[in-house]
Amino acid sequence: EITKEPEGDTIFKKQGVTVKTGTLNLPVDFTATGDGKYLTHVTLHSGAKTIDAHNNFVVGSGRSSGIGTFAFLMLIAVAGVAVYLFRSGMRQKRLWKGRVTDRLDHQN
Numbered sequence: 851e852i853t854k855e856p857e858g859d860t861i862f863k864k865q866g867v868t869v870k871t872g873t874l875n876l877p878v879d880f881t882a883t884g885d886g887k888y889l890t891h892v893t894l895h896s897g898a899k900t901i902d903a904h905n906n907f908v909v910g911s912g913r914s915s916g917i918g919t920f921a922f923l924m925l926i927a928v929a930g931v932a933v934y935l936f937r938s939g940m941r942q943k944r945l946w947k948g949r950v951t952d953r954l955d956h957q958n
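Sequential numbering from 851 applies to the sequence shown in the numbering used here.
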């Protein structure tokens, strides 16, 4: 059973079924009830044991998962500038070492 919280309105209910794999996929359309908080209630029966499980979840929180496009582009730009500055610094270091050895050679 899936209910919309905090109202407690039932939006989906499925009669008990036997599941041998441990996984049950249920296509639920949330467009009619909209964004918000929901609660699933599952009752598991195994022989004489009964377990009631509840799980809260949010639909349409407006926040995407993962890194955004802007953040990704900024990361690439910062990495590019760092590589440019590092290579430029190494090039100047090599030139500076070469000039020092040239001056020492001319003094002798």
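Every residue gets a Cβ at the ideal spot worked out from N, C-alpha and C, and that includes glycine.
CB of T860 within 8 angstroms of CB of T871, strictly:
Contact: no.
With C-beta atoms as the reference, is Y888 less than 8 angstroms away from E851?
No. Outside cutoff.
Please say whether N905 and T893 have beta carbons closer to each other than 8 angstroms?
The answer is no: Cβ separation not under 8 angstroms.
Residue span of the beta strand (DSSP E) that contains K887, given as start and end:
First-last of the beta strand (DSSP E) with K887: G886 to S896.
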